[in-house]
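Structure first, then comments.
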Amino acid sequence: MERGERLMRNGFALAAIAALLASCGGNNQPAKSGASGVGKVDGALLTTGGDGSDWAMTGFNYSETRFSPLTQINADNVGKLGVAWFADMPDARGQEATPIVIDGKLFVTGPWSKVFAYDAVTGKPLWTYDPKVDPQKGVQACCDVVNRGVAAWKGRLYLGTLDGRLIALDAATGKEDWSVQTTDKAKPYTITGAPRVVKDMVLIGNGGAEFGVRGYVTAYDAATGAKKWRFYTVPNPTGAKDNEASDAAMAKAAPTWSANGQWKQSGGGGTVWDSIVYDPELDQLYLGVGNGSPWNHGLRSEGKGDNLFLSSIVALKPETGEYLWHYQETPAESWDFTATQPINLATLTIGGKQRKVLMQAPKNGFFYVIDRTNGTLINAGQFIPGVNWASGYDMKTGRPIENPAARYYKTGKPFLAVPSAIAAHNWQPMSFNPKAGLAYIPAQIVGAGYMASSDPLDQAKPIGFNVGENLGALMYPRDAATIKAATAGATGLLVAWDPVANKPRWTVKYPAPWNGGTMTTAGNLVFQGTALGEFRAYAADTGKQLLAYPVGTGIMAGAATYMAGGTQYVAVLAGRGGALPLSIGYAIGKAAEVPNHPRLIVFKLGGTVALPATTAPDSAAVPLPAASGTPEQVAQGRALFGRYCQVCHGASAAGGGGVLPNLQRSGTLGNADGWKSIVIDGALKDRGMVSFAKVLTPDQAQLIRLYVIDEAHWARKNLSTSGAAPVAPAR
Ligand code: CA
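What the sequence shown shows, in our numbering, is residues 12 to 742, in sequence order.
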């Protein structure tokens with residue numbers, strides 16, 4: 012059906028329902044017919060979150076603090092938490108979604124933008140929805156084929172799909188109601204974030220800045236899918252007027268970009284791929300804007316200008332999308348330092364005054380407290396140790412005090428940055444507990460090297476990252492001591508940050524990075540899953556560990572809590588994936604030994620359900636063909652691997668992280684024809700491994716194979732390998 016025809020048909024149906032509702036004093040827009048509990052979700056419920064019985068949006072309520080008022084589960088009894096029910100999920104490709112729960116129904120998304128509905132008490136499946144994303148789209152997802160959840164509003168659920176669609180579903184049946192393509196399908200846009208619904212408008216952004224796109228957010232009519240407004244975050248590279256809500260703001264941003272530079276071809280980046288937060292108190296929207304495209308500011312903008320609104324928080328008027336104010340966290344961004352991370356709204360007493368603030372702990376390692384009435388910086392403090400790109404902020408100008416060595420494109424030398432593109436804090440949800448006065452940051456310490464590349468292939472490849480960097484520089488040197496140090500150095504932290512004192516109050520250290528998002532409650536609790544396979548609870552005020560429940564798989568998503576039939580539940584999606592396991596290689600450390608099993612787990616006090624055992628990645632010895640590449644062939648293969656393969660298969664071919672195949676263990680390494688059929692002919696395209704024939708010759712594909720064989724021999728000889736014992740999660 013053509014979209015216009017569909018809109019017309021929906022329009023007629025809706026007109027009839029509207030007439031019906033009008034006669035019984037309905038809202039200004041009709042609720043979806045036939046929907047049950049989701050029909051009640053509106054601006055009033057999302058403003059407060061209600062009494063905590065429902066978890067009606069991924070961030071709990073519009074303030075997105077993920078703070079529940081529920082207290083049945085509390086610091087005194089959380090040790091008695093057990094499993095009420097669980098559901099195994101179909102795709103072991105990264106579980107990032109927070110479930111939403113409304114009137115005893117739980118809705119959650121998984122990889123490939125699939126939606127699953129359950130009875131929240133019994134775990135009985137109600138329906139599933141698969142938007143049937145083409146698996147070949149996976150190669151345009153920088154950070155796995157993940158999805159972070161649905162939004163609910165007046166009987167409908169809203170889903171952003173990896174291939175750029177915004178889809179409205181009938182919450183009662185899971186049937187598609189309307190669908191709009193929000194992106195240019197010819198460009199490498201993706202959607203992984205949850206939509207937000209404000210004033211009968213659905214807001215959705217997109218991703219793709221690693222590949223070369225121009226970022227924007229669009230508002231659609233929640234009932235019909237008709238476009239209301241669009242706000243571009245960076246100027247139009249052609250210089251043309253967009254005739255969109257951002258026109259006036261773009262006129263202001265344009266002088267902060269160079270006349271030429273690679274942004275003219277790439278689109279400049281600035282994608283809004285996660286945080287879009289509505290402030291009902293001030294009636295403002297806040298967009299968390301992403302990194303530049305390409306990353307390298309020297310190439311992107313000839314080393315000139317701040318490049319607004321990259322790495323900024325931008326405030327807009329919800330009805331029209333008009334610009335109100337902005338604060339740029341990382342001017343002239345050059346390290347993939349996004350400002351897309353979760354934003355929490357609160358009112359704090361600072362210096363004896365009540366301040367309406369927004370808080371964010373983005374990739375760059377600084378925790379920002381910003382006055383949300385006007386965008387003024389109040390506090391900026393380093394929330395992980397060792398931040399080396401800037402020493403602090405000039406509070407008069409609101410600008411970072413930079414380390415000149417960090418601008419690698421100016422020095423011509425590589426820069427080992429802490430934090431790095433993997434982030435001091437990535438998308439994993441942060442929470443804020445107003446009773447404890449603390450924000451809980453799922454933080455980590457992961458360094459990485461940056462090295463400028465002026466090779467056109469690092470700016471405009473038809474497949475792969477175009478970030479203006481020599482990505483091969485991220486590969487590990489063949490030195491066991493260095494690799495072991497990198498592994499030991501990549502760690503995780505739970506930081507309980509005091510935004511008034513501008514420093515941590517307590518910190519928990521984890522042996523591996525990429526731990527789960529946080530959720531906090533009035534029961535003086537903070538919940539967090541870990542990369543090594545535990546679901547933990549801490550006292551919100553002191554950080555005392557109160558629970559460490561083994562679940563047999565790594566967790567990275569944030570939890571939700573709800574009340575049904577007089578019982579409080581805590582639900583979390585378990586399973587690994589996302590950017591870090593794919594890209595980081597050896598430094599994933601112990602997490603590589605933990606099973607990756609996609610499973611929704613729901614806890615209650617006294618729950619007695621045993622979780623079935625999960626199986627660790629198989630690390631038994633596999634036959635490895637003899638290393639037959641000459642040193643020259645191996646070196647050429649290594650460079651090609653760095654450019655085309657490592658962002659998914661891990662630096663030094665040591666990756667996959669239990670999410671994608673570890674190529675060092677590939678059964679195809681000894682089979683030159685089989686390798687060619689996969690890499691060149693696309694034999695595994697239906698699993699997301701597209702043909703690389705556009706960028707590699709068959710001979711080059713064989714050079715990569717020779718390199719991986721060589722790397723695997725070296726790793727087996729020089730790095731210890733672990734056993735493959737099944738991990739039993741039941742206690
Ligand atoms: Ca990025």
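Note that beta-carbon positions come from the ideal geometry of N, C-alpha and C, so glycine has one too.
The structure displayed is predicted, hence computed values, not measured ones.
Residue i versus residue j: straight-line alpha-carbon distance, rounded
| i | j | result |
| --- | --- | --- |
| residue 195 | residue 380 | 35 angstroms |
| residue 38 | residue 559 | Residue placement at residue 38 is flagged as unreliable, the pLDDT there being 41, under the threshold of 50; the coordinate-derived value follows with that caveat. Going by the C-alpha atoms only, they are around 45 angstroms apart. |
| residue 33 | residue 290 | For residue 33, the predicted model reports a pLDDT of 33, less than 50, meaning its position is unreliable; a value from the coordinates is still stated below. Their Cα atoms are separated by approximately 28 angstroms. |
| residue 218 | residue 200 | 6 angstroms |
| residue 122 | residue 182 | 19 angstroms |
| residue 421 | residue 365 | 43 angstroms |
| residue 184 | residue 158 | 21 angstroms |
| residue 655 | residue 578 | 50 angstroms |
| residue 634 | residue 612 | 37 angstroms |
| residue 548 | residue 567 | 15 angstroms |
| residue 746 | residue 513 | Here the chain comprises residues numbered 12 to 742, so residue 746 is not present and cannot be evaluated. |
| residue 397 | residue 284 | 27 angstroms |
| residue 460 | residue 441 | 26 angstroms |
| residue 152 | residue 362 | 44 angstroms |
| residue 278 | residue 463 | 19 angstroms |
| residue 725 | residue 82 | 54 angstroms |
| residue 259 | residue 472 | 33 angstroms |
| residue 417 | residue 662 | 22 angstroms |
| residue 255 | residue 115 | 41 angstroms |
| residue 189 | residue 169 | 10 angstroms |
| residue 84 | residue 585 | 20 angstroms |
| residue 565 | residue 608 | 8 angstroms |
| residue 237 | residue 212 | 9 angstroms |
Neighbour-count burial assignment, residue i, 16 or more Cβ in a 10 Å radius
| i | result |
| --- | --- |
| residue 99 | exposed |
| residue 707 | buried |
| residue 203 | buried |
| residue 310 | buried |
| residue 530 | buried |
| residue 322 | buried |
| residue 740 | Model confidence at residue 740 stands at a pLDDT of 32, short of 50, so the residue's coordinates are unreliable and nothing is read from them. |
| residue 133 | exposed |
| residue 88 | exposed |
| residue 468 | exposed |
| residue 406 | exposed |
| residue 712 | buried |
| residue 415 | exposed |
| residue 225 | buried |
| residue 553 | exposed |
Residues that residue i bridges to, as DSSP identifies them
| i | result |
| --- | --- |
| residue 698 | Answer is none; residue 698 lacks a bridge partner. |
| residue 187 | 180 |
| residue 165 | For residue 165, which the question treats as bridged, DSSP gives no partner whatsoever. |
| residue 127 | 119, 139 |
| residue 153 | 155 |
| residue 232 | 212 |
| residue 505 | 453, 519 |
| residue 412 | 403 |
| residue 112 | 66, 117 |
8 angstroms Cβ cutoff met for residue i and residue j
| i | j | result |
| --- | --- | --- |
| residue 286 | residue 352 | yes |
| residue 426 | residue 94 | no |
| residue 478 | residue 673 | no |
| residue 139 | residue 126 | yes |
| residue 705 | residue 474 | yes |
| residue 104 | residue 161 | no |
| residue 658 | residue 449 | no |
| residue 501 | residue 429 | no |
| residue 210 | residue 333 | no |
| residue 65 | residue 112 | yes |
| residue 193 | residue 176 | yes |
| residue 319 | residue 401 | no |
| residue 301 | residue 434 | no |
| residue 146 | residue 699 | yes |
Residue i beta carbon near ligand 1 (any heavy atom closer than 7 angstroms)
| i | result |
| --- | --- |
| residue 435 | no |
| residue 244 | no |
| residue 301 | yes |
| residue 349 | yes |
| residue 770 | Shown here, the chain extends from 12 to 742; a query on residue 770 therefore has no answer. |
Residue i: CB within 7 angstroms of a non-hydrogen atom of ligand 2
| i | result |
| --- | --- |
| residue 153 | As far as ligands go, the structure on display features ligand 1 and does not contain ligand 2. |
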